[in-house]
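So the structure is just underneath, and the comments pick up after that.
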Amino acid sequence: MNDDDDVRTQAQDDHERLREALGAYLLGHLDAQSADGVTEDAVRVHLAGCARCRTELAELQPVASALAGLRRRALPGGPLPAELGAWLDAAVSVEAGHRRRSRLTHAVTSLVAAAALLFVAVVGVRWSTPRS
552 MNDDDDVRTQ AQDDHERLRE ALGAYLLGHL DAQSADGVTE DAVRVHLAGC ARCRTELAEL
612 QPVASALAGL RRRALPGGPL PAELGAWLDA AVSVEAGHRR RSRLTHAVTS LVAAAALLFV
672 AVVGVRWSTP RS
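Under the working numbering, the letters of the sequence shown match residues 552 to 683, in that order.
Written out as structure tokens, the structure is:
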């Protein structure tokens with residue numbers, strides 16, 4: 552890989568990061584400063600030179616407008632309970648634990664099945680071999 556390839560890859564990475572930020576840009580959620588370089592100004596400069604991203608931005612505009620309208624409406628029943636975030640975190644952790652256990656159970660079951668198959672094969676070969 553040469554320097555031209557590195558520059559091209561970096562430019563593609565930058566383009567992708569800025570393209571992925573178009574929704575946040577439309578909704579006004581980008582900061583003036585960002586550790587990853589994705590700021591409102593960076594997106595604006597990128598849009599000036601990238602027709603594909605301008606097209607995508609135009610396609611996202613109706614969605615952003617619809618979302619902006621939803622934000623103005625109050626949620627029925629008042630604010631969400633403060634415990635909701637903790638409950639969601641706990642639910643996600645429990646589900647992740649189930650998945651880990653499920654993978655472990657599957658692995659152990661597979662190993663036991665393989666060992667049983669090997670045992671049957673060895674016994675079958677020994678049984679079918681004539682004794683002298």
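Cβ coordinates follow ideal geometry from the N, Cα and C atoms, glycine included.
Given a threshold of 16 other Cβ atoms within 10 Å of its Cβ, counted over all protein chains shown, does residue i qualify as buried or as exposed?
{"i": "VAL594", "result": "buried"}
{"i": "ALA617", "result": "exposed"}
{"i": "ALA637", "result": "exposed"}
{"i": "ALA562", "result": "exposed"}
{"i": "LEU573", "result": "buried"}
Report all residues from its chain with a CB closer than 7 Å to the CB of residue i; omit the five preceding and five following residues, and keep chain order.
{"i": "HIS597", "result": "LEU569, CYS604"}
{"i": "VAL641", "result": "The sequence given here has Ala at residue 641, not Val. Answer for ALA641: no residue qualifies."}
With respect to the alpha helix (DSSP H) encompassing residue i, which residues constitute its N-terminal and C-terminal limits?
{"i": "HIS597", "result": "591-600"}
{"i": "LEU581", "result": "No alpha helix (DSSP H) holds LEU581; DSSP gives it neither H nor E."}
By Cβ distance, which residues of its chain are closer than 6 Å to residue i, with the 5 residues on each side in sequence left out?
{"i": "GLU591", "result": "LEU581"}
Kindly list the residues whose CB is nearer than 8 Å to the CB of residue i, restricted to its own chain and excluding five residues on each side of it in sequence; keep chain order.
{"i": "GLN612", "result": "LEU577"}
{"i": "ALA583", "result": "THR590, GLU591, ASP592"}
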